[in-house]
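Residue numbers (the UniProt record's numbering): 1 to 135. Glycine included, every Cβ here is placed at the ideal spot set by N, Cα and C. Since this is a predicted model, take the numbers as computed values, not measurements. Report on the structure given below.
This is the structure:
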């Protein structure tokens, strides 16, 4: 089974989780992206956040939330997602860069009600809700 390995940021503000929508995608998903060969998950997180959100992760604030495995949204059926997700602070307010069309903060119910839901993001929402960090 093909597998996509990614690093993602669980950035919570006002008990809502940040999600991004790329220019050519209908779904919102975790900020982050694919881990390049020879790159650690945390290195990929730092690179992807600069590329997608136009800011930097505060290095000493990075904490691994967990590894989430699900069907990879928007890829051929049977493609697995292996997502290492981190909680971290950001130096500046996140803003969409050229590859990101939109940023939005969601509660679990708001995200679950969207017409297109990424399974990996839903797993992170549920974990954060279990920890009492999002509504």
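Nearest-angstrom beta carbon gap, residue j and residue i [assumed within contact, 8 Å]
i	j	result
residue 11	residue 90	7 Å
residue 114	residue 28	7 Å
residue 69	residue 82	6 Å
Straight-line gap, residue i to residue j (C-alpha atoms, nearest Å)
i	j	result
residue 58	residue 44	14 Å
residue 13	residue 51	20 Å
residue 130	residue 16	14 Å
residue 106	residue 119	15 Å
residue 147	residue 48	Any property of residue 147 remains undetermined from this structure, which presents the chain solely from 1 to 135.
residue 26	residue 108	18 Å
residue 46	residue 5	15 Å
Contact with chain C by residue i, beta-carbon distance below 8 Å
i	result
residue 32	Absent from the structure is chain C; it holds one protein chain and no more.
Where the beta strand (DSSP E) through residue i begins and ends
i	result
residue 86	80-87
residue 105	100-106
residue 128	Not the beta strand (DSSP E): residue 128 falls in the alpha helix (DSSP H), residues 119-130.
residue 31	31-34
residue 7	3-9
residue 77	Careful: residue 77 lies outside any beta strand (DSSP E) and carries neither H nor E.
residue 53	Looking at the DSSP string, residue 53 is not in any beta strand (DSSP E); the run it does join, the alpha helix (DSSP H), is 41-53.
residue 70	63-71
residue 17	16-22
Residue i vs residue j beta-carbon contact at 8 Å
i	j	result
residue 148	residue 41	Because the chain here runs from 1 to 135, residue 148 falls outside it and cannot be looked at.
residue 18	residue 94	yes
residue 54	residue 97	yes
residue 87	residue 63	yes
residue 30	residue 124	yes
Report task. Tell me, please, whether the region 96-105 touches the region 22-39 by the rule of three or more beta-carbon pairs shorter than 8 Å. Result -> yes
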